[in-house]
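As structure tokens, the structure follows; a few thoughts come after it.
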Amino acid sequence: MNSQPIQKSNDFEASQPVCPRCGSHNIRKNGHIHNGKQNHQCKDCGRQFVQNNRKKYISNSIKKWIDKLLLERMPLAGICRVFEVSATWLQKYVNAKYAKVSRELEVSTKTPGKLIIECDELWSYVQNKQNQQWVWLALDLETR
Ligand SMILES: [Zn+2]
Numbered sequence: 016m017n018s019q020p021i022q023k024s025n026d027f028e029a030s031q032p033v034c035p036r037c038g039s040h041n042i043r044k045n046g047h048i049h050n051g052k053q054n055h056q057c058k059d060c061g062r063q064f065v066q067n068n069r070k071k072y073i074s075n076s077i078k079k080w081i082d083k084l085l086l087e088r089m090p091l092a093g094i095c096r097v098f099e100v101s102a103t104w105l106q107k108y109v110n111a112k113y114a115k116v117s118r119e120l121e122v123s124t125k126t127p128g129k130l131i132i133e134c135d136e137l138w139s140y141v142q143n144k145q146n147q148q149w150v151w152l153a154l155d156l157e158t159r
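In this note's numbering, the protein residues as written are 16 to 159.
Listed below in structure tokens is the structure:
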């Protein structure tokens, strides 16, 4: 009985090429295609393929969409499938975002939601009528 967990192909992060047809790791190099990328051929099924570049650039518009879907509580695995980003990349992206958001929340808890102030004014003459002094008192009702 095989007790090994099943490894999903999209979680496979090793640099070793994998056959997209049969999943075999039994691959040989097969020259280069027109744009200079390494071509491979599967020794098991004969399929030729060019390995996807895993460090692909993720554009800002895709990140915006990912942000929206995260707010909708879309599962990370679903986002990976829709945008074809790696689970590793998405987890790092979410962690970075979460760290930023929790810092913002920390700041906002330090400012009270409502500041009710009680104002008082009094005035008096100091020494003579030309020297009018006003005193303003402003108190936060909750904390005084
Ligand atoms: Zn194959």
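Each residue gets a CB set at the ideal place from its N, CA and C atoms; glycine is no exception.
Here the structure is a predicted model, which means the values were calculated and not measured.
At the level of alpha carbons, what is the spacing between P90 and Y108?
The C-alpha of P90 lies about 14 Å from the C-alpha of Y108.
Can you list, in chain order, the residues of its chain with a C-beta nearer than 6 Å to that of C95? Leave out the 5 residues immediately preceding and following it.
Only A102 and L105 meet the Cβ criterion.
Less than 8 Å between the CB atoms is what I'm expecting for V65 and K44, so what's the real figure, rounded?
At roughly 11 Å, the Cβ-Cβ gap does not stay under 8 Å, so V65 and K44 are not in contact.
Residues of its chain near H47, where Cβ-Cβ distance is below 7 Å and the 5 sequence neighbours each way are ignored:
Only residues of its own chain outside the window of five on either side were considered, and among them Q53 and N54 have a CB closer than 7 Å to the CB of H47, listed in chain order.
Let me know the secondary structure DSSP gives F27 once reduced to three states.
Residue confidence is low: F27 scores 43 on pLDDT, short of 50, so the model does not pin down where it sits. No coordinate-derived value is stated.
What separation, rounded to the nearest whole angstrom, lies between the Cα atoms of E87 and W80?
Between E87 and W80, the C-alpha separation is close to 11 Å.
Would you say the beta carbon of R62 is closer than 7 Å to some non-hydrogen atom of ligand 1?
Yes.
Please name the residue, chosen from H40, V97 and L85, that lies closest to V116 on a Cα-to-Cα basis.
Residue L85 is the option with its Cα nearest to V116.
Which runs of the alpha helix (DSSP H) at least 4 residues long sit entirely within the region 40-65? Give them in chain order.
Listed in chain order, there is nothing to give.
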